[in-house]
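*Asks:*
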Amino acid sequence: MQKSFLPYVIFAICILFLISCSQKDEIIIYELTQEQKNVLKNIPQPSIIAHRGTCYWAPEGTEAAMRWARNAGATYLECDLQRTKDGYLVLFHDLRLTRTSDIDSKYPERKNVAISDLTLEELFKLDMGSWFNYTYPSNARSSFSKLDILTLEDLTMIAEGYRIQRDTFQKRIYKKINGRIITLYEPDPADNGNRPGIYTETKEPDLYPGIELDLKKELERLGWYADNVSNLKSIKTKPGHIYIANTPARIVVQTFSQASLKKLRQSFPRLIPMCYLIGIAAKDNVNKETYEKWINFAIEQGAVIIGPSIYEKDGLLGDLLKPWMYDLIKKKAY
């Protein structure tokens, strides 16, 4: 029997919580502001987050993975953001490209470089799918070998029901205007009307100073963020289908970094859904006081979501949220 794809595809959104408590034996948890409560109300409960699109049915983070997740009914398409040498925001998880691309054959002398060491056009030349065919032969498709890296703009267009225009060799079609790369898109014939939101993580933000403001500016350019919600791009939705892309909660931002969370709050004048990911390793022994401090910090910075850590073993994801942590969040929820 084929094992379940769910651990590879989704993780449940952990919607917050947290009102102050005045009992003497407990540390006070900061109260959510009315603005935070209003933001929280806009997020569907429960929400399904498509982790890198899918990591089981298609190569993670690629166009195939994100189109699959959109049509499968995900509430949000999750991705890790990094920045190219020439300033484009792209979807990529690892610090190095060796695991999920053919960089060792395309640029053997540069195989250990980071995303920030390559331009977007150099990245477009990499095959981001063949590794998946070798690793998961039962799910392999020849078309995966034609997949390239995605930009943040690609992801928003996929969420809106489009796909990347490609030539007869399945190469991305784009043009350059004033030195800027402009990808061409077309309506996706496989689109079924779902309009998911985007769930972004600032990946290794210390390596990309200013990425939080870059994210805000790019989302603003694409119409996915505006200081005034009335200026958001209108995205057509279909009754009975996922519609979050046409709401003020269309974008969620998350990070493990406290410094990056602060910068995200500073970058977005209008509060948007923000998630603070708690970085607990399996070996860590975290006490109640420390955990409460993390929760307080998240609230202070405007977060409305807490993401407990997970670990991976034998291809399955496990939860590092201990019962007392869950009880603490639950107790402060109402």
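Numbering follows the numbering used here, with no gaps: position 78 of the sequence shown is 870. Using N, Cα and C, we set each Cβ at its ideal position, and we do this for glycine too. If you're wondering where the values come from, they're calculated on a predicted model, not measured in any experiment.
For residue 882, which of helix, strand or coil comes out of DSSP?
*Replies:* It is a strand residue.
*Asks:* Tell me, please, whether the segment 975 to 987 touches the segment 824 to 836 by the rule of three or more beta-carbon pairs shorter than 8 Å.
*Replies:* With the cut-off at 8 Å, the segment 975 to 987 and the segment 824 to 836 do not touch.
*Asks:* Between the alpha carbons of residue 829 and residue 922, how many angstroms are there, rounded?
*Replies:* Rounded to whole angstroms, residue 829 to residue 922 spans 44 Å at the Cα level.
*Asks:* Who are the Cβ neighbours of residue 800 in its own chain at under 6 Å, not counting the five residues just before and after it?
*Replies:* Annotation note: pLDDT 34 at residue 800 (below 50); position unreliable, no value reported.
*Asks:* Apart from the five residues on each side of it in sequence, which residues of its chain come closer than 7 Å, Cβ to Cβ, to residue 1090?
*Replies:* Excluding sequence neighbours, residue 1090 sits near 1068 and 1098.
*Asks:* Could you please give me the residues that DSSP links to residue 966 through a beta bridge?
*Replies:* Answer is 975, bridged to residue 966.
*Asks:* Shortest alpha-carbon distance to residue 860 belongs to which of 953, 1076 and 965?
*Replies:* Of the candidates 953, 1076 and 965, the one whose C-alpha sits nearest the C-alpha of residue 860 is 953.
*Asks:* Could you please give the first and the last residue of the uninterrupted alpha helix (DSSP H) stretch that includes residue 856?
*Replies:* Here the alpha helix (DSSP H) through residue 856 covers 855 to 864.
*Asks:* Fully enclosed by the segment 819 to 847, which alpha helix (DSSP H) runs are 4 residues long or longer?
*Replies:* You should have 826 to 833.
*Asks:* Roughly how many angstroms lie between the CA atoms of residue 1000 and residue 1062, to the nearest whole one?
*Replies:* Using only the alpha carbons, I get a separation of about 23 Å.
*Asks:* Determine the direct distance from the alpha carbon of residue 1072 to that of residue 1012, and round the result to whole angstroms.
*Replies:* Distance between the alpha carbons of residue 1012 and residue 1072: 33 Å.
*Asks:* Which two residues bound the contiguous beta strand (DSSP E) that contains residue 1066?
*Replies:* Run containing residue 1066: 1066 to 1069, per the beta strand (DSSP E) assignment.
*Asks:* Closer than 7 Å by C-beta to residue 1037: which residues in its own chain qualify, once you throw out the five before and the five after it? Chain order, please.
*Replies:* Once the five neighbours on either side are set aside, the close Cβ partners of residue 1037 are 951, 952, 987, 988, 989 and 1027.
*Asks:* Could you compute how far the alpha carbon of residue 824 sits from the alpha carbon of residue 1019?
*Replies:* Distance between the alpha carbons of residue 824 and residue 1019 is about 21 Å.
*Asks:* Over what stretch of residues does the alpha helix (DSSP H) that includes residue 1027 continue unbroken?
*Replies:* Note, residue 1027: premise wrong, no alpha helix (DSSP H); not H, not E.
*Asks:* Under the three-state reduction of DSSP, which class applies to residue 1154: helix, strand or coil?
*Replies:* No statement about residue 1154 is possible, as the shown extent of the chain runs from 793 to 1126 and does not include it.
*Asks:* On the premise that residue 880 lies in contact with residue 779, defined as a C-beta separation below 8 Å, what is that separation, rounded to the nearest angstrom?
*Replies:* Given a span of 793 to 1126 for the chain in the structure shown, any question on residue 779 remains unanswerable.
*Asks:* Just the Cα atoms here: how many angstroms apart are residue 1086 and residue 839?
*Replies:* Computed Cα separation, rounded: 23 Å.
*Asks:* Assuming residue 1072 is part of the beta strand (DSSP E), what are its boundary residues?
*Replies:* It is not in any beta strand (DSSP E) - residue 1072 carries neither H nor E in the DSSP assignment.
*Asks:* Would you say the segment 953 to 973 touches the segment 992 to 1006, given that touching needs at least three Cβ pairs under 8 Å?
*Replies:* No, they do not touch.
*Asks:* State whether the segment 898 to 915 contacts the segment 870 to 877, with contact taken as three or more CB pairs (one from each stretch) at a distance under 8 Å.
*Replies:* With a cut-off of 8 Å, the segment 870 to 877 and the segment 898 to 915 count as touching, because enough Cβ pairs lie within range.
*Asks:* Between residue 935 and residue 997, is the Cβ-Cβ spacing less than 7 Å?
*Replies:* Not in contact: residue 935 and residue 997 (Cβ atoms no closer than 7 Å).
*Asks:* With DSSP collapsed to three states, give me the class of residue 901.
*Replies:* If DSSP states are grouped into helix, strand and coil, residue 901 belongs with the helices.
*Asks:* Return helix, strand or coil for residue 874, following the three-state DSSP convention.
*Replies:* In the structure shown, residue 874 sits in a strand (DSSP, three-state: E or B).
*Asks:* Give me the residue from 933, 943 and 1022 with the minimum Cα distance to residue 882.
*Replies:* Out of 933, 943 and 1022, 943 has the C-alpha closest to the C-alpha of residue 882.
*Asks:* Go through its chain and collect everything with a Cβ distance to residue 1054's Cβ below 7 Å, but skip five positions before and after it.
*Replies:* So the qualifying residues of the chain are 1093.
*Asks:* Classify residue 891: buried if its beta carbon has 16 or more other beta carbons within 10 angstroms, exposed otherwise.
*Replies:* The residue is exposed, with fewer than 16 neighbouring Cβ atoms inside 10 Å.
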